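J.: Protein sequence lines correspond, in order, to chains A and B. At position 224 of the first sequence (counting the first as 1) the number is 224 in the working numbering, and the numbers step up by one without a gap. Each number in the working numbering comes from the position in the second sequence (counting from 1) with 1000 added on. Note that the Cβ used here is the ideal one computed from N, Cα and C, for glycine as well. Quick caveat, the model's predicted, so the values are computed rather than measured. Right, I'll just put the structure down here and ask away after.
There are 2 protein chains.
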Amino acid sequence: MNAADLGLPVDVPSTALFTDQYELTMLQAALRAGTADRRSVFEVFTRRLPEGRRYGVVAGTGRVLDAVENFRFDAGVIGFLRDQGIVDESTLEWLAGYRFSGDIWGYPEGEVYFPGSPILRVEGSFAECVLLETVILSILNHDSAIAAAASRMSAAAGGRRLIEMGARRTHELAAVASARAAYVGGFGATSDLAAGFRYGIPTVGTSAHAFTLLHDSERDAFRAQIDSLGKGTTLLVDTYDVAEAVRTAVELAGTDLGAVRIDSGDLLLVAHRVRQQLDELGATGTKIVVTSDLDEYAIASLAAAPVDAYGVGTQLVTGSGHPTCSMVYKLVARAESADPKAPLVPVAKKSTGGKTSIGGRKWAARRVDAEGVAEAEIIGTGPVPAELADRQLLVELVKGGEVIAREPLDTVRARHMDARAGLPMSAIQLSRGEPVLPTQYV
Amino acid sequence: MNAADLGLPVDVPSTALFTDQYELTMLQAALRAGTADRRSVFEVFTRRLPEGRRYGVVAGTGRVLDAVENFRFDAGVIGFLRDQGIVDESTLEWLAGYRFSGDIWGYPEGEVYFPGSPILRVEGSFAECVLLETVILSILNHDSAIAAAASRMSAAAGGRRLIEMGARRTHELAAVASARAAYVGGFGATSDLAAGFRYGIPTVGTSAHAFTLLHDSERDAFRAQIDSLGKGTTLLVDTYDVAEAVRTAVELAGTDLGAVRIDSGDLLLVAHRVRQQLDELGATGTKIVVTSDLDEYAIASLAAAPVDAYGVGTQLVTGSGHPTCSMVYKLVARAESADPKAPLVPVAKKSTGGKTSIGGRKWAARRVDAEGVAEAEIIGTGPVPAELADRQLLVELVKGGEVIAREPLDTVRARHMDARAGLPMSAIQLSRGEPVLPTQYV
């Protein structure tokens, strides 16, 4: 893929510098020691879910595939590394020819995960795999955190429409990835035009308080908006007095008014009052959108309120208390020599201070009960038991350096809905608890 | 500035799509209503600091200036907006010629702020100013959150060196901005090569556990690293047994070994033991770097430990519990007509549900006591009192659309150190409390 094909308002000529320096110094030392070519297996997993969460959501895989494809050291990058003396000339030469040629397997995007789930497995030479650590973790840790929050919110919202509007609360490009992850987690639209441009996510938006304040009266502002955007627009009714605004809105737009938006106050109370007022005015089809400081708990508390759509900002793009996952990228097996036929040896950190992991190249499968409800995440390094053979979770994403599993975002979103629906009902309880599936090692 | 001059591994041909859709629909409605040209004043401020925080740190201003300069609607963007039917043809025509021509004043980057501080003031026509809301807030809300956490960590670290290594825990481009904000807040280096490339921040890094596990023994790994990176390198000593690793490290590198890194376990205990062992081995100049799950509290708790440098990841890039600020961009005054000479009228949201603000174009000054210590943040809309005339905080950043206040990051960093030092001592207490300065409106 050419950088231009990424289509973002931001071109990414290379993702190679989204990398911690130590990946390159390790490469240099391994090249010199003759160990760089040892066949290696790295796995991405998390030791725990964020406190109290019942499941995680894999998101960002599609962006990882883009990043791997664009991971090249062009002349500008090489020049920078040389000027800064970060690695030596023979390493620079090696980097100039870099192209990932290995294999990547992973949980398909949108799938749920649990502590220990081998979410991504990267295989190839140590040299070609170690370089990808930072950018892979950046993407998965960010996007999965946002998708997990989105999934809880969409479960809490039932079938009601969710709009992502958090761009202003996070880094401008994190915002684009957040809108994508929110869509995977069940949101239906975004306010962020860049996310519409880049990923084709439906965009929405009409007006802010500033628009009302710009005009000499709320009536002037509403008239200007209806003249421009039509009666189907959404009018923001809480700049001055909500009841008066609703009256003015229906007076100007008639009972065809699309929606009103409430952005402050006691949403439960105000939504009931506004619904009653709209109905009394005959605007029974006019929808109510609420948008003030919502999170999954606030959404759930409005379940009985006459609300048609929720706009969520801050709490979505900050992962509702958990803005990052704790995914790590660990060497779990490597060959004893650079011989391509040398067998893989499991490896793992062993010091007593924590952060230990389980060595060996892993498979994972989700065991279900007689009703087809998931009951355990099974992870192993040996042969896959026959009864789990068709319930394996890892799929091939990159083969010999070629991306083979690109897919539309709607497919990913539908997969997440299916995966979540396959969990025990307690998965979507908002209360804190243990992971809804136990992880079992066999 | 050309996009290429931005120098990032990511070119930003336009920042115009980092925008919520409603900015554009408001523009369309205002153009049609004849109100788009009303002279307007928007201000960025926050109603409160994150709970318990004593001061905020303005960061991202330099990035805002880049974003404003690159805010252009090129053919690709216009085509997208047309295809999606987001605004009408006359609005598209207006957008195609867009270039911000107004004025921007703001707190200089690195300055501290308090509830109500008018951190940025954007003046021009309603149309040209309203469009900038989303991208300005994205940048300031993100970068200021990271800088505030960095500032607390650097205060806790005293004079010890701080290394930013959180790239893997946040979006890959948020990581670059985070490294920049961390530098403003007092960090000395970053692991993120893109941040070195884009902003000239010193980069560091040597090796991870994977490097040790790649080799047949820890001894082989250390030898490979020393051969490649020299005796001044930092060896990671907690893959297997720390005491044995330290012994091996000094045996191989001699007493000139640069540093050892500890990434797990009870850092206080392990640091003391390692220091004692290094000293007994004669490696009295070998430094100790610690890097495991640090935040400002952990850093403070290690004040008496023999630690030379701290590497901070997750907690830095997630704002240590506060990953975003609550900055808003509000219309505070606008003309009564499109006449350039029409007087400005203060405006403000007035509904009872909260989120009210104070209308009028504001100045701000920091009053100091007889010893020169700051004692209050003074904000007003009328004439500036004579005794505060030379203590005003807002400086001119953009004049008639031209950026006039670009400055090196080291200047910004030094300004933050000065601003923090000018606050009452309690500002750098880590305990929760009220803002260290009261905000007074005059």
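Taking CB distances under 8 Å as the criterion, tell me whether TYR1107 of chain B reaches chain A.
T.: With 8 Å as the cut-off, TYR1107 of chain B does not count as an interface residue toward chain A.
J.: Look at the alpha carbon of ILE86 of chain A and the alpha carbon of THR25 of chain A, and state the distance between them as a whole number of angstroms.
T.: If I take the Cα positions, the gap works out to 7 Å.
J.: Where DSSP assigns a beta bridge to GLN1440 of chain B, which residues make up the other side?
T.: In DSSP, GLN1440 of chain B forms a bridge with B:ILE1378.
J.: Could you compute how far the alpha carbon of ALA365 of chain A sits from the alpha carbon of LEU137 of chain A?
T.: Going by the C-alpha atoms only, they are around 23 Å apart.
J.: Does any CB atom of chain A fall closer than 8 Å to the CB of HIS1272 of chain B?
T.: Not an interface residue.
J.: Would you say GLU1043 of chain B and LYS1287 of chain B are within 8 Å of each other, going by their C-beta atoms?
T.: Taking 8 Å as the Cβ cut-off, GLU1043 of chain B and LYS1287 of chain B do not qualify as a contacting pair.
J.: In chain A, what lies closer than 8 Å to PRO1050 of chain B by C-beta?
T.: Result: empty, since nearest Cβ-Cβ is about 11 Å, beyond 8 Å.
J.: What are the complete beta strand (DSSP E) segments, minimum 3 residues, inside the segment 252-313 of chain A?
T.: Listed in chain order, they are 259-262, 287-290 and 309-312.
J.: I need the DSSP call for PHE100 of chain A, collapsed to helix, strand or coil.
T.: Of the three classes helix, strand and coil, the one that applies to PHE100 of chain A here is coil, per DSSP.
J.: Helix, strand or coil: which one does DSSP assign to GLN315 of chain A?
T.: Looking at GLN315 of chain A - three-state DSSP - the assignment turns out to be helix.
J.: Cβ closer than 9 Å: which chain B residues qualify as neighbours of VAL250 of chain A?
T.: Residues of chain B passing the Cβ test: none, with the nearest at roughly 18 Å.
J.: In angstroms with no decimal places, state the Cα-to-Cα distance between ILE1078 of chain B and GLY1097 of chain B.
T.: Roughly 11 Å between the two C-alpha positions.
J.: Between which two residues does the alpha helix (DSSP H) holding PHE1211 of chain B run?
T.: 1209-1214 is the span of the alpha helix (DSSP H), which, as asked, contains PHE1211 of chain B.
J.: I'd like to know whether the C-beta of ALA174 of chain A is nearer than 8 Å to at least one C-beta of chain B.
T.: Answer yes: the Cβ-Cβ gap between ALA174 of chain A and chain B drops below 8 Å somewhere.
J.: Is there at least one Cβ from chain A nearer than 8 Å to LYS1350 of chain B's Cβ?
T.: Closer than 8 Å to some Cβ of chain A, the Cβ of LYS1350 of chain B qualifies, so yes.
J.: Quick one: which chain B residues come within Cβ less than 8 Å of LYS341 of chain A?
T.: None at all; the shortest Cβ gap to chain B is about 18 Å.
J.: In the DSSP output, which residue or residues are listed as bridge partners for GLY1106 of chain B?
T.: GLY1106 of chain B pairs with B:LEU1120 and B:VAL1395.
J.: Which residue wins for smallest C-alpha separation from GLY265 of chain A, given the options A:LEU430, A:TYR107, A:TYR240 and A:ARG247?
T.: That would be A:TYR240, whose Cα lies nearest to the Cα of GLY265 of chain A.
J.: Output the distance between the C-alpha atoms of LEU423 of chain A and GLN440 of chain A, rounded to the nearest integer angstrom.
T.: Going from the Cα of LEU423 of chain A to the Cα of GLN440 of chain A covers about 16 Å.
J.: According to DSSP, simplified to helix, strand and coil, what is SER1040 of chain B?
T.: Three-state result, SER1040 of chain B: strand.
J.: Look at the Cβ atom of PHE1114 of chain B, then the Cβ atom of GLU1377 of chain B, and state whether they are nearer than 8 Å.
T.: Against a cut-off of 8 Å, the Cβ pair of GLU1377 of chain B and PHE1114 of chain B comes out as a contact.
J.: Starting from ALA29 of chain A and walking both ways along the alpha helix (DSSP H), at which residues does that stretch end?
T.: Element bounds for ALA29 of chain A: 21-33.
J.: If we call anything under 8 Å between Cβ atoms a contact, is THR1070 of chain B one with THR1019 of chain B?
T.: Strictly speaking, residue 1070 of chain B in this sequence is Asn, with Thr absent from that position. Against a cut-off of 8 Å, the Cβ pair of THR1019 of chain B and ASN1070 of chain B comes out as no contact.
J.: Quick check: the Cα distance between VAL436 of chain A and TYR55 of chain A, rounded to an integer number of angstroms?
T.: Their Cα atoms are separated by approximately 6 Å.
J.: Would you give the residue range spanned by the alpha helix (DSSP H) that ARG1432 of chain B belongs to?
T.: It is not in any alpha helix (DSSP H) - ARG1432 of chain B carries neither H nor E in the DSSP assignment.
J.: Could you tell me whether any Cβ in chain B is nearer than 8 Å to the Cβ of GLY205 of chain A?
T.: It does: the Cβ of GLY205 of chain A has a partner Cβ on chain B nearer than 8 Å.
J.: Answer yes or no: does any C-beta atom of chain B fall closer than 8 Å to that of SER117 of chain A?
T.: Not an interface residue.
J.: In whole angstroms, give me the CA-to-CA distance for ALA1147 of chain B and TYR1297 of chain B.
T.: Their Cα atoms are separated by approximately 16 Å.
J.: From the DSSP secondary-structure annotation, give me the bridge partner or partners of LEU1236 of chain B.
T.: According to DSSP, which records beta bridges pairwise, LEU1236 of chain B is partnered with B:ARG1261.
J.: Hey, is MET153 of chain A's beta-carbon within less than 8 Å of any beta-carbon in chain B?
T.: For MET153 of chain A, the answer is no, since every Cβ of chain B falls outside 8 Å of its Cβ.
J.: Applying a beta-carbon distance threshold of less than 7 Å, which residues of chain B neighbour GLY188 of chain A?
T.: In chain order: nothing, as chain B lies at least about 14 Å away.
J.: Put PHE1045 of chain B into one of helix, strand or coil per three-state DSSP.
T.: It is a strand residue.
J.: How many angstroms separate the CA atom of PRO50 of chain A from the CA atom of GLY1321 of chain B?
T.: Rounded to the nearest angstrom, the two C-alpha atoms are 13 Å apart.
J.: My output table needs one value for MET1327 of chain B: the three-state DSSP class, helix, strand or coil.
T.: Three-state DSSP puts MET1327 of chain B in a strand.
J.: On the DSSP bridge list, what partners appear for ARG1334 of chain B?
T.: DSSP, once it has assigned bridges, lists B:SER1040 and B:VAL1345 as partnering ARG1334 of chain B.
J.: Going by DSSP, what residue range makes up the beta strand (DSSP E) through GLU164 of chain A?
T.: GLU164 of chain A -> beta strand (DSSP E) spans 161-164.
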